[in-house]
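Just so you know, we're using our numbering here: the sequence shown kicks off at -11 and counts up by one. Heads up, the beta-carbon is just placed ideally off N, CA and C, and yes, glycines get one too. Computed from a predicted structure; not experimentally measured. Here is the structure we will look at, set down as structure tokens.
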Amino acid sequence: MKSKRILLSAITISVAFLIVFLIYNSFSSVLTVTDFTVTEKGYSNDNNEAWIKGFNPNAPVGHQEEIKVIVRGPMVMNLIQKDKTYFVRYTIKRNGLIFLSDIETIEDHK
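Set out below in structure tokens:
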């Protein structure tokens, strides 16, 4: 009887910890809004993931860090052009992955 109680307690604590962990990681993210010049675009080896690489052209020279942003919508990916600057919103998840939230041409944004 005592071993069943200990096992049940351990399972309950494990499930509670897992739920808290999943909620924490699901809702932990940072939204970034910036200009973004696309330098490269492509797909993962299995073609399941579209991505663009680029940088903030307004950052000081030497601090223009290139980042990789995952694009979820295939229609959006078809409209993005290499070597063009866009106004973007992207979300950086706790696990370090960056996902495109919104993208506009600079002309549309003004």
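Need the endpoints of the alpha helix (DSSP H) that residue i sits in, please.
| i | result |
| --- | --- |
| residue 99 | With the chain covering only -11 through 98, there is no way to say anything about residue 99. |
With residue i as the anchor, note down where its beta strand (DSSP E) starts and where it stops.
| i | result |
| --- | --- |
| residue 72 | Segment: none, residue 72 is in no beta strand (DSSP E) and carries neither H nor E. |
| residue 89 | 86 to 93 |
| residue 21 | 17 to 31 |
Just to confirm, is the Cβ distance from residue i to residue j under 8 Å?
| i | j | result |
| --- | --- | --- |
| residue 94 | residue 17 | no |
| residue 91 | residue 74 | yes |
Can you grab the Cα-Cα spacing for the pair residue i / residue j, in whole Å?
| i | j | result |
| --- | --- | --- |
| residue 34 | residue 46 | 34 Å |
| residue 3 | residue 72 | 47 Å |
| residue 38 | residue 68 | 11 Å |
Below 8 Å on the Cβ atoms is my contact criterion, and I expect residue i with residue j to pass it. Report the Cβ-Cβ distance as a whole number of Å.
| i | j | result |
| --- | --- | --- |
| residue 42 | residue 20 | Actually they are not in contact, since the Cβ atoms of residue 42 and residue 20 sit about 13 Å apart, beyond 8 Å. |
According to DSSP, which residues form a beta bridge with residue i?
| i | result |
| --- | --- |
| residue 42 | 26, 55 |
| residue 80 | 18, 86 |
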